[in-house]
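Taken in sequence, the protein lines are chains A and B.
Mapping of the first sequence onto the working numbering: residues 1061 to 1479, in sequence order.
Mapping of the second sequence onto the working numbering: residues 1061 to 1479, in sequence order.
Cβ atoms here follow ideal geometry from the backbone N, Cα and C, with glycine treated the same way.
Protein chains: 2
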Amino acid sequence: MRDDFPRHLAKELDAADPLADLRDRFVIADDDLIYLDGNSLGRLPAATPAHLDRLVREGWGDGLVRSWPTWIEWGRRIGDRLAAHALGARPGEVVVSDSTSVNLYKLAAAALDAAGDRRTVLVDAEDFPTDRYVLEGLAAARGLTLRLLPSDLDEGLRLDELRAALDGDVALVLLSAVAYRSGALLDMAAVNAAARQVGATVLWDLSHAVGSVPVELAATGADLAVGCTYKYLNGGPGAPAFLYVRRELQSRLRQPIQGWFGRRDQFGMGPGYDPAPDLDRFLVGTPSILALAPLDPALDVLAEAGIDRVRAKGRRLGELIVTLADAWLTPHGFRVASPREADRRGSHVCLHHPEALRISRALAEAGVVGDYRAPDRLRLGPAPLYTRYVDVWDALDRLRGLAERRGWERVPGGPSRVT
Amino acid sequence: MRDDFPRHLAKELDAADPLADLRDRFVIADDDLIYLDGNSLGRLPAATPAHLDRLVREGWGDGLVRSWPTWIEWGRRIGDRLAAHALGARPGEVVVSDSTSVNLYKLAAAALDAAGDRRTVLVDAEDFPTDRYVLEGLAAARGLTLRLLPSDLDEGLRLDELRAALDGDVALVLLSAVAYRSGALLDMAAVNAAARQVGATVLWDLSHAVGSVPVELAATGADLAVGCTYKYLNGGPGAPAFLYVRRELQSRLRQPIQGWFGRRDQFGMGPGYDPAPDLDRFLVGTPSILALAPLDPALDVLAEAGIDRVRAKGRRLGELIVTLADAWLTPHGFRVASPREADRRGSHVCLHHPEALRISRALAEAGVVGDYRAPDRLRLGPAPLYTRYVDVWDALDRLRGLAERRGWERVPGGPSRVT
């Protein structure tokens, strides 16, 4: 079977790859390691250690508190860079702050509190856990009904399922643009239009989309979004998240965590909370500057690549996984558990196998880092900025080797703790 | 007047200072700069740049996602270190996460939601803005009455004012152990006892106390606390905050931001939110590992010093400020705007002057960094780990020189933006 797609074809794809040189912009400490988990934690950009060290020594060590007038703009400044290079949003619509979960809470609460007497909240039943949990808590506190939209673990949410659930009672819909397991990609423009028809607000979780597919928040008519920066954006472990609020909505929404960074004239420190007139009202407390700093060198690489070229390569890397999995793995009980058409998929691909947990561990021992997602999925995320076609070929080849000898049977199962 | 306390006496205090050698454990880039703003942003520990660089290159660059099983414990592990070295709390009672403002929101909401039909919330009218704003939002959302306790800008809250306001209708009291302007130190044991008598819960903000005075959460019977790590703890700009929940309360309180890090069996990613049985239920989203990392070398220095020695030196540094301000500055219209007794003061001292903003700027130009706090205070925070007695002497001497020639009159006023 291996002859169906010989390795030299992957090498030829690399030779023709316009992004190939960008691999050198990342730290590749172990060239034998095949890293297909950039959708969980992106690699370290080569410029980041020196950038961070300079910030620590000069900004903190020498500048001390005198650096704050610069630092205090970083959440907005980096938000504007994200808006321009990855999100298709306007200046002043994106800010980096807090975690994705906290941002989900703030924006969902703001939307629900502005939704009048609408009583229904919709979320994809298979959405990432924190999305479901945050909404569950907000809905319960307000006596609202949380409806879980039935969704296919392989194919994602069907638009007709969503349309059937949308009516004048729906306050808020929370959806992921790219599903965290299957990689299923939603048509954001179609979803936004359908929700608008019934007056519902859509809150997008872009965690698995940002930096891998062009997100056009303005062009698709998006109102609210959040997302994380440590996956395809390569911001570092637990890097702060972003939030987006369409400019026209900012003054009409209020979030409930009334911290001093959200107040008009913050440093007046006056009595009573008066929300800032703009996006600042969605801020809360003092941001970590060391956590924000790595986003600059990371965005430099993305800006140089261009999100459209990233997407083009991501499609082809995904197609290569699907092609090789069909040829080499399906006979061994694997199934491609993602949409088969590249147009309906983000930049990662899921494989189903009942022994996915053990397989992911055996694969790691064989030098391929993907990740396991409950209950029975192996997720492969070939981040386009630094993953070669030949890496995908080699990873699937090693997986085929494991499959042929059932090389995971001696590997322990048991609890998994990977973010 | 200068002869009242000649400079060589300050040098002698330094020669006898058991913590004097610890100054070398910090980066002192400019030995002419006198930094009295460690209560706003602590200095950079000398071990931090290499510690962080190693984390970035090895933990992130080489380890990649495989480092998460270690990282995911850091919030709790560092929380336990804080508990042991600075907070007088037990293991499993302190965790580092989010910002102080977000932690205030979580713990205050949890306390209010458990307070039955009590309808009153108390906060020091002069408390740090974010404390007042967060409570204002929570109280309004629940239809509760927020009462501002009258408090003296110089002397802090009087216990009899608090006692007069405490009754069976009080759900929650939010107080700072050390006031952010005056440095007034509250008697935590007395406050906790008074609140307990009427069944009210106290939430402590320890931001200006932690790392400067011994906080004995267990011994004083404290229930809830939050605080920041970038002041006397030297964790870096915007370093993540901590929260404390007394062990016996943990399973009885629920906070409203239901993120995945707060769920029992987080990586099961199951349906429905089920809060972790312990302190983990107060977590929300993925923590920034780069923001957490500097707390380890910072706590190493604090542990070596010992909080009691830090406190002893902090008292004397404060006394020196008061002595010199009385002798040199009072004739020029300054007033010590902090409790005069060291027992009633944390490690910073405030000076009142109508031109405080301009004075703080002129003083910075003269090589002394303190900070301005609205409306008319100059705050001097001589962090004991790295501030010499002679630094305080020199700072007050330069301030005296400014006062003699009214050297701030050519300096512009206008908005201030310092965290």
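Relative to the Cα of A:Leu1389, the nearest Cα in the group A:Trp1120, A:Arg1460 and A:Arg1192 belongs to A:Arg1460. As the crow flies, the alpha-carbon of A:Thr1289 is around 29 Å from that of A:Ala1422.
By the Cβ rule, the region 1146-1158 of chain B does not count as touching the region 1440-1456 of chain A, because fewer than three pairs are nearer than 8 Å.
Legend: CB atoms of the region 1333-1347 of chain B lying less than 8 Å from CB atoms of chain A belong to residues Tyr1333, Val1344, Gly1345, Thr1346 and Pro1347.
Per DSSP, B:Gly1287 is one residue of the beta strand (DSSP E) stretching across Leu1284 to Gly1287.
Taking a Cβ-Cβ cut-off of 7 Å, the neighbours of B:Thr1108 in chain A comprise Val1116, given in sequence order. Contact annotation for B:Trp1320 against chain A: Ser1161, Pro1189, Thr1190 and Tyr1193 [CB-CB distance below 7 Å, chain order].
For B:Leu1222 and B:Tyr1432, the gap between their C-alpha atoms comes out near 28 Å.
According to DSSP, B:Gly1427 shares a beta bridge with no other residue. DSSP places B:Ile1088 outside both helix and strand once states are collapsed to three, so it counts as coil. According to the DSSP assignment, A:Thr1160 belongs to no beta strand (DSSP E) but to the alpha helix (DSSP H) extending over Thr1160 to Asp1173.
Here A:Tyr1193 is near B:Gln1318, since their CB atoms are less than 8 Å apart. Between B:Ala1231 and B:Ala1171, the C-beta gap is smaller than 8 Å, which places the two residues in contact. Membership of B:Tyr1304 in the beta strand (DSSP E) is indicated by the continuous run Phe1302 to Val1305. Nearest CB-CB separation between A:Glu1196 and chain B: below the 8 Å threshold. Cβ neighbours of B:Leu1226 within its own chain (closer than 7 Å, five residues either side excluded): Ala1254, Ala1255, Val1258 and Ala1260. Here B:Glu1415 has Trp1468 as same chain residues with Cβ atoms under 6 Å from its own Cβ, once five neighbours each way along the sequence are excluded. Excluding the 5 residues flanking it on each side, B:Pro1442 has same chain C-beta neighbours closer than 6 Å at Leu1096, Leu1377 and Val1452, in chain order. Per DSSP, A:His1111 is one residue of the alpha helix (DSSP H) stretching across Thr1108 to Arg1114. Using a CB distance below 8 Å, the part of the region 1289-1300 of chain A facing chain B consists of Tyr1290, Gly1296, Pro1297, Gly1298, Ala1299 and Pro1300, ordered along the chain. In the DSSP annotation of this structure, the continuous segment of the beta strand (DSSP E) that includes A:Ala1231 starts and ends at Val1230 to Ser1236. DSSP places A:Trp1264 in the uninterrupted beta strand (DSSP E) bounded by Thr1261 to Asp1265. Residue contact check for B:Ser1100 against chain A: a CB pair falls below 8 Å.
Here B:Ser1272 has Tyr1292, Gly1374, Gly1406 and Ser1407 as same chain residues with Cβ atoms under 6 Å from its own Cβ, once five neighbours each way along the sequence are excluded. Scanning its chain for C-beta atoms nearer than 6 Å, with the 5 sequence neighbours on each side dropped, one finds around A:Arg1141 the residues Leu1359, in chain order. For B:Leu1069, the enclosing alpha helix (DSSP H) starts and ends at Arg1067 to Ala1075. Taking a C-beta cut-off of 8 Å against chain A, the contacting residues of the region 1123-1143 of chain B are Leu1124, Val1125, Arg1126, Ser1127, Trp1128, Pro1129, Trp1131 and Ile1132, listed in chain order.
Close to A:Tyr1095, with beta-carbon spacing below 7 Å, are these residues of chain B in chain order: Leu1124. Taking C-beta atoms as the reference points, B:Ser1398 and B:Gly1243 count as a pair closer than 8 Å.
Using a Cβ-Cβ cut-off of 8 Å, A:Arg1400 does not count as an interface residue toward chain B, since no Cβ of chain B sits closer than that to its own.
A:Thr1205 counts as exposed, since fewer than 16 other C-beta atoms from the protein chains shown sit within 10 angstroms of its C-beta. Straight-line spacing of the CA atoms in A:Leu1303 and A:Pro1189 works out to 18 Å.
Contact of B:Leu1112 with chain A is assigned, a C-beta pair being separated by under 8 Å. About 4 Å separates the beta carbon of A:Val1125 from that of B:Leu1101, a gap short enough to meet the 8 Å contact definition. Going by DSSP, A:Asp1191 is part of the alpha helix (DSSP H) stretching over Pro1189 to Arg1202. Within the DSSP secondary-structure output, B:Arg1405 pairs in a beta bridge with B:Ala1244.
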